[in-house]
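According to UniProt numbering, the stretch in the sequence shown is residues 1 to 131, in order.
Take a look at the structure below.
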Amino acid sequence: MSTKKYKEKLSRVGEFGKDLARRSKSKCELCGASKVKLVIYELPPIPKEPDFNNCIFICEECLNKLNNLNKIKENDLRFLENSIWSETPIIKATSISLLTIIKNKFPWAEDVLYNGYVEKQDLENSEKIIF
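Okay, structure coming up:
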């Protein structure tokens with residue numbers, strides 16, 4: 001992707017900011033942190049064209065964790081116990097995807113998946129996310 005096209009795409013993603021702030025109530029959509037800087041995170045695989053429904057609004061701490069999943073410690077993603085109950089489909093799908101990734105490493109994650117209310121559509125959406 002050329003620099004110009006990349007900048008155009010970033011600009012279009014940035015336009016989602018106000019809607020994401022409304023949806024998230026200006027809190028991190030994963031851990032719930034408030035009064036922190038929030039960033040727009042496009043879930044992988046990143047589509048060619050920006051898609052609001054493929055974006056989440058997260059704090060920099062969660063961003064760092066998502067970018068370094070191989071380095072997380074057992075309690076780093078405990079907030080997924082709450083975010084799996086989100087009424088926002090992409091947040092629920094992201095939570096399921098992350099829990100699925102870490103369930104073999106951290107037994108509590110499998111318990112959360114087992115006890116969480118996961119519908120077929122939620123599972124299908126989570127399988128589209130590739131970290």
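Built from N, CA and C at the ideal position, the CB exists for glycine as well.
Residue interval of the alpha helix (DSSP H) (run including isoleucine 101)
As a working mapping, residue 101 is identified with position 101 in the sequence shown. Segment 89-102, the alpha helix (DSSP H) holding isoleucine 101.
- Query: Where does serine 126 sit, in a helix, a strand or coil, going by DSSP?
  - Reply: Within the sequence shown, residue 126 is the residue found at index 126, counting from 1. If DSSP states are grouped into helix, strand and coil, serine 126 belongs with the helices.
**OP:** Compute the beta-carbon to beta-carbon distance between cysteine 55 and phenylalanine 16, rounded to the nearest angstrom, for a pair I have assumed lies under 8 Å.
**Re:** Indexing the sequence shown from 1 puts residue 55 at position 55. Indexing the sequence shown from 1 puts residue 16 at position 16. Cysteine 55 to phenylalanine 16, Cβ: 5 Å. Contact.
- Item | Pair within 8 Å by beta-carbon distance, phenylalanine 131 and leucine 66 | Here the question's residue 131 lines up with position 131 in the sequence shown. Here the question's residue 66 lines up with position 66 in the sequence shown. Contact flag set, yes.
Does the beta-carbon of leucine 74 have 16 or more other beta-carbons within 10 angstroms, so that it is buried, or is it exposed?
Counting from one through the sequence shown, the residue named residue 74 turns up at place 74. Sequence inspection shows glutamate at residue 74; the leucine mentioned does not correspond to that position. Its Cβ having fewer than 16 others within 10 Å, glutamate 74 is exposed.
Taking only runs that begin and end inside the stretch 23-81, name each unbroken beta strand (DSSP E) of 3 or more residues, in chain order.
38-42, 55-59
Arginine 22 to glutamine 121 span [Cα, whole Å]:
Counted from its first residue, the sequence shown places residue 22 at position 22. Counted from its first residue, the sequence shown places residue 121 at position 121. The alpha-carbon atoms of arginine 22 and glutamine 121 are separated by roughly 24 Å.
Identify the continuous alpha helix (DSSP H) that holds tyrosine 114 and give its terminal residues. As a first step, residue 114 is located in the sequence shown; it is residue number 114 there, counting from the start. Here the alpha helix (DSSP H) through tyrosine 114 covers 107-115.
**Study point:** glutamate 8, DSSP secondary structure in three states
**Key:** By one-based count along the sequence shown, residue 8 stands at place 8. In this structure, glutamate 8 counts as helix in the three-state DSSP scheme.
Practice task
Can you give me the Cβ contacts of leucine 63 inside the same chain, cut-off strictly under 7 Å, excluding the 5 residues immediately before and after it?
Solution key: As a working note, residue 63 is residue 63 in the sequence shown. Closer than 7 Å at Cβ, skipping near neighbours: Val39, Tyr41.
>> On the CB-based measure, 16 or more other CB atoms within 10 Å of its CB, does leucine 10 come out buried or exposed?
In response: Residue numbering aside, residue 10 sits at position 10 when the sequence shown is read from its first letter. Flag for leucine 10 reads exposed.
inquiry  = For valine 13 and phenylalanine 52, what's the separation of their Cα atoms in angstroms?
reply    = Numbered from 1 along the sequence shown, position 13 holds the residue referred to as residue 13. Numbered from 1 along the sequence shown, position 52 holds the residue referred to as residue 52. One C-alpha to the other measures close to 8 Å.
Original post:
If we call anything under 8 Å between Cβ atoms a contact, is leucine 69 one with isoleucine 96?
Top reply: For the purposes of this step, residue 69 is identified with residue 69 of the sequence shown, where counting begins at 1. For the purposes of this step, residue 96 is identified with residue 96 of the sequence shown, where counting begins at 1. Leucine 69 places its beta carbon 8 Å or farther from that of isoleucine 96.
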